[in-house]
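First up is the structure itself, then whatever we jot down about it.
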Amino acid sequence: MQFSIKRLACWLVLLVLAATPAHAAEVIHVFVALCDNASQGIVPVPAKIGDGDKPDANLYWGCTEGVRSWFSASKKWKRLPAVPSPRPEILERVVFKHRERDAYLIADAWRGREIKPCLQAFVNAAGGQGAEEIKIGEAVLKAGGEASFVAYIGHNGLMEFSVDWPAAKPSPAADAARPAVVLACVSQSYFAEKLKGIGARPLLTTRQLMYPGAFTLHDALEARFAGKDAVAVREAAGRAYAKNQGISVKAALGVFAAE
Numbered sequence: 004m005q006f007s008i009k010r011l012a013c014w015l016v017l018l019v020l021a022a023t024p025a026h027a028a029e030v031i032h033v034f035v036a037l038c039d040n041a042s043q044g045i046v047p048v049p050a051k052i053g054d055g056d057k058p059d060a061n062l063y064w065g066c067t068e069g070v071r072s073w074f075s076a077s078k079k080w081k082r083l084p085a086v087p088s089p090r091p092e093i094l095e096r097v098v099f100k101h102r103e104r105d106a107y108l109i110a111d112a113w114r115g116r117e118i119k120p121c122l123q124a125f126v127n128a129a130g131g132q133g134a135e136e137i138k139i140g141e142a143v144l145k146a147g148g149e150a151s152f153v154a155y156i157g158h159n160g161l162m163e164f165s166v167d168w169p170a171a172k173p174s175p176a177a178d179a180a181r182p183a184v185v186l187a188c189v190s191q192s193y194f195a196e197k198l199k200g201i202g203a204r205p206l207l208t209t210r211q212l213m214y215p216g217a218f219t220l221h222d223a224l225e226a227r228f229a230g231k232d233a234v235a236v237r238e239a240a241g242r243a244y245a246k247n248q249g250i251s252v253k254a255a256l257g258v259f260a261a262e
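Okay, so the sequence shown: first residue is 4 according to the working numbering, each after it adds one.
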């Protein structure tokens, strides 16, 4: 009888463990609209870095300060083996694992002329739509509308076109809302209130014309990982921007808004 009770207890423990949800890694999903002189309303950049069909040399991707290159060179992140693109508009998908915490960054390089579907995918994800599962080794990452954090980098296409925003949601508590970053010119005016309306939190947006180098996102994420508040996230972004642009921290802080 004693043996049976012990065996029953073991089975109960196993059942409880099986029913307990596994710890979910933090996933940052970054949507990058490649810089494209031909199709975007931007001040033209040199042709080599402004070809939205060629990610390897693109200003926002393959250049030194582009997302793929910057995070690949970071001591904080490790680039993982390549994963296939989920759709033809995405020319490359890369995944990074943070070296100090259970966090992954998924970045998608969208063809430059596909900036509208790129922005549509971003706002859908911010609103909890378009969920994806990405298998990396033994890990299954929740991306898209199930990502912990979303970001957009590129031209502010909403200056020229509109997207379909997800249905409005009751505003959750700030610590429960999905953080969103929009590194594009004057993004606060175009995105902040609408992001709040779909249940997201505009953690970092911009007030001025600006250059959306990946260093800004990188340092903002490190501040957030350190448990710092929105003011400190903005401070980290501003300091990174000041260093890159050769301007004062005060001037750089004026570029960003945080909530």
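Even glycine gets a Cβ: it sits at the ideal position worked out from N, Cα and C.
- Residue 47 carries a coil assignment under DSSP once its states are collapsed to helix, strand and coil.
- Here DSSP, grouped into helix, strand and coil, assigns residue 73 to helix.
- Pairwise C-beta distances place the segment 67-87 in contact with the segment 101-109, as three or more of them are shorter than 8 Å.
- Residue 46 counts as exposed, since fewer than 16 other C-beta atoms from the protein chains shown sit within 10 angstroms of its C-beta.
- Counting along the chain, the unbroken beta strand (DSSP E) around residue 107 starts and ends at 106-113.
- Checking the DSSP bridge columns, you'll see residue 95 partnered with 112.
- Burial state of residue 234 is exposed, judged by a 10 Å Cβ sphere holding fewer than 16 other Cβ atoms.
- In the structure shown, residue 141 falls within a coil segment according to DSSP collapsed to helix, strand and coil.
- With contacts defined by Cβ atoms closer than 8 Å, residue 208 and residue 260 form a contacting pair.
- The three-state secondary structure of residue 183, taken from DSSP, is strand.
- If you compare the alpha carbons of 76, 238, 104 with that of residue 228, the shortest gap goes to 104.
- A residue is called buried once 16 or more other Cβ atoms fall within 10 Å of its Cβ, and residue 185 is buried on that count.
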